[in-house]
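Heads up, the thing below is written out as structure tokens.
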Ligand code: NAP
């Protein structure tokens, strides 16, 4: 057994209205995110009472991508919940690189703004890397700037990308001891998979894992997964991870979010993760649902980074 606690089973109804047979040990991102945000709210109130600055997050949303608009709205709502100030700047889909860089420069120079995020992806005419490089590393609460990536690799205080940080907070919330585990991370993107592999291999708790980082060219992916004590699925292929790829008692973190058209839904879509939850969950010691797992933790981690940006001033 990898973790404390006896495994039990129950039928759980998720937000998508389907019922699943689940391991008792669900890594509930909604609950853990509420705990992170509640703690931040107290800290913000203490700062306000002491006459100190309140955290201020500025978000830039380019174009009309539905998913991006939803994510940014959730981030603005989280600011309201925690007592942060938020500013949302909307730019046209056709915005030029120069205009976007000027907007970032203005936010860099604004002493009232603590954290800046530019919602990705950006339209084809924009260089994402140039945009990331333009953000002041001290306000880079998404943790994508090369300075912060370097600091994360070195284990030096900076900003850690929100999704991997959220996963670490989730593991910490449920007091899961990851020391010595063999972790397999599927996906090597700069925003999820690669930083996740660095954090899990770090000399910390959670951390101290032996990490295998897999990608689309990996041979024998199933064999790697079958040997894993902890799997982080972050490849963006719905229902990719099947029960025969997971060993009994494994911890499974599903990062994937894919919108699938669903005419029966009011909003016209449903969300699928990278894990075939129904078949994988019964084999796991711990598992994250989609929705309600990593997603809320990403936002909680962003709030934490913004608070840090403010309090470090
Ligand atoms: P990405 O940039 O597209 O990267 C996908 C990674 O998966 C790449 O490294 C790719 O390998 C690898 N991959 C693709 N197909 C594979 C396969 N068949 N076998 C093994 N590896 C494969 O995606 P991302 O931005 O990291 O996002 C991944 C997923 O997480 C998406 O569904 C995204 O929506 C979701 N996401 C969720 C949150 C959240 O808050 N929950 C946050 C961010 C992202 P190569 O490098 O070889 O191409």
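Residue numbers (the working numbering): 217 to 529.
From the three backbone atoms N, C-alpha and C, an ideal C-beta is built for every residue, glycine too.
Values in this document were obtained by computation on a predicted structure and should not be read as measured data.
key: DSSP three-state assignment for residue 485, whether helix, strand or coil   = It is a strand residue.
message = Given a cut-off of 8 Å on the beta-carbon distance, is the pair residue 522 and residue 245 in contact?
response = For residue 522 and residue 245, no; Cβs fall outside 8 Å.
task = Answer yes or no: do residue 355 and residue 251 have a C-beta to C-beta separation smaller than 8 Å?
result = If you check the CB distance, residue 355 and residue 251 do not come in under 8 Å.
ask   = Relative to the alpha-carbon of residue 294, which residue among 516, 527 and 332 has its alpha-carbon at the smallest distance?
value = Cα-wise, what sits closest to residue 294 is 516.
inquiry  = What I want to know is whether the C-beta of residue 247 ends up closer than 7 Å to one or more non-hydrogen atoms of the ligand NAP.
reply    = Residue 247 Cβ: outside cutoff for every heavy atom of the ligand NAP.
ask   = For the ligand NAD, any of its heavy atoms closer than 7 Å to the Cβ of residue 453?
value = The model on display carries the ligand NAP but not the ligand NAD.
Helix, strand or coil at residue 438 [DSSP, three-state] = If DSSP states are grouped into helix, strand and coil, residue 438 belongs with the helices.
Cβ neighbour criterion (16 or more within 10 Å) applied to residue 298 = Buried, because 16 or more other Cβ atoms sit within 10 Å of the Cβ of residue 298.
key: For residue 398: DSSP bridge partner residues   = According to DSSP, residue 398 bridges with 426.
task = Determine the DSSP secondary structure at residue 475, reduced to helix, strand or coil.
result = DSSP, reduced to helix, strand and coil, places residue 475 within a strand of the structure shown.
Cβ contact (3+ pairs, closer than 8 Å) linking the segment 353-368 and the segment 483-497 = With contact defined as three or more Cβ pairs closer than 8 Å, the segment 353-368 and the segment 483-497 are not in contact.
inquiry  = Are there any heavy atoms of the ligand NAP lying less than 7 Å away from the beta-carbon of residue 434, as far as the coordinates show?
reply    = Distances from the CB of residue 434 to the heavy atoms of the ligand NAP include at least one below 7 Å.
task = Can you tell me which of the three DSSP states residue 413 falls into?
result = If DSSP states are grouped into helix, strand and coil, residue 413 belongs with the helices.
ask   = What residue ranges within the segment 246-288 form continuous alpha helix (DSSP H) runs of no fewer than 4 residues, ordered along the chain?
value = Qualifying alpha helix (DSSP H) stretches: none in this window.
inquiry  = I need the boundaries of the alpha helix (DSSP H) containing residue 310, first residue and last residue.
reply    = Per DSSP, residue 310 lies in no alpha helix (DSSP H) and is assigned neither H nor E.
message = Quick check on the DSSP output: the alpha helix (DSSP H) that includes residue 449 runs from which residue to which?
response = For residue 449, no alpha helix (DSSP H) segment is defined; the enclosing uninterrupted segment is the beta strand (DSSP E) at 446-449.
request  = Could you please give me the residues that DSSP links to residue 305 through a beta bridge?
outcome  = Under DSSP, residue 305 takes part in a beta bridge, and its partners are 276.
ask   = Near residue 217, which residues of its chain fall below 6 Å by C-beta distance, leaving aside the five closest residues on each side in sequence?
value = Residue placement at residue 217 cannot be trusted, given a pLDDT of 34 that sits under 50; what the coordinates show is reported in the next sentence. Excluding positions up to five away in sequence, the list is empty.
request  = Return the Cβ separation of residue 519 and residue 300 in integer angstroms, given the expectation that the two are a contact with Cβ distance under 8 Å.
outcome  = With 8 Å as the limit, residue 519 and residue 300 qualify as a contact, their Cβ atoms being about 7 Å apart.
ask   = What residues are listed by DSSP as bridge partners for residue 331?
value = Answer by DSSP bridge pairing, in chain order: 273.
message = By the three-class DSSP mapping on this structure, what secondary structure does residue 457 have?
response = Three-state result, residue 457: strand.
task = Determine the DSSP secondary structure at residue 356, reduced to helix, strand or coil.
result = DSSP places residue 356 in strand when its eight states are reduced to three.
ask   = So is the beta-carbon of residue 510 under 7 Å away from any non-hydrogen atom of the ligand NAP?
value = For the ligand NAP, at least one heavy atom lies less than 7 Å from the Cβ of residue 510.
task = Grab the span of the beta strand (DSSP E) containing residue 349 for me, first residue to last.
result = Going by DSSP, residue 349 is part of no beta strand (DSSP E) but of the alpha helix (DSSP H) stretching over 344-350.
task = Assign residue 372 to one of three DSSP states: helix, strand, or coil.
result = If DSSP states are grouped into helix, strand and coil, residue 372 belongs with coil.
task = Determine the direct distance from the alpha carbon of residue 391 to that of residue 261, and round the result to whole angstroms.
result = If I take the Cα positions, the gap works out to 27 Å.
ask   = Do you know how far the Cα of residue 413 is from the Cα of residue 400?
value = Each residue's Cα considered, the two are about 8 Å apart.
key: Residues bridged to residue 470 [DSSP beta-bridge criterion]   = DSSP output for residue 470 lists 449 as bridge partner(s).
Environment of residue 278 [buried if 16+ CB atoms lie within 10 Å] = By the neighbour-count rule (16 or more Cβ atoms within 10 Å), residue 278 is buried.
query = Given 8 Å as the limit, is there contact between the segment 308-317 and the segment 331-351, that is, 3 or more CB pairs closer than that?
reply = Output reads yes: the segment 331-351 touches the segment 308-317.
ask   = Looking at residue 441 and residue 394, is the spacing between their C-beta atoms short of 8 Å?
value = No, Cβ-Cβ distance for residue 394 and residue 441 is not below 8 Å.
query = CB-CB under 6 Å to residue 446, same chain, minus the five flanking residues each way: which ones, in chain order?
reply = Excluding sequence positions up to five before and after residue 446, its CB lies within less than 6 Å of the CB of 397, 399 and 467, all in the same chain and listed in chain order.
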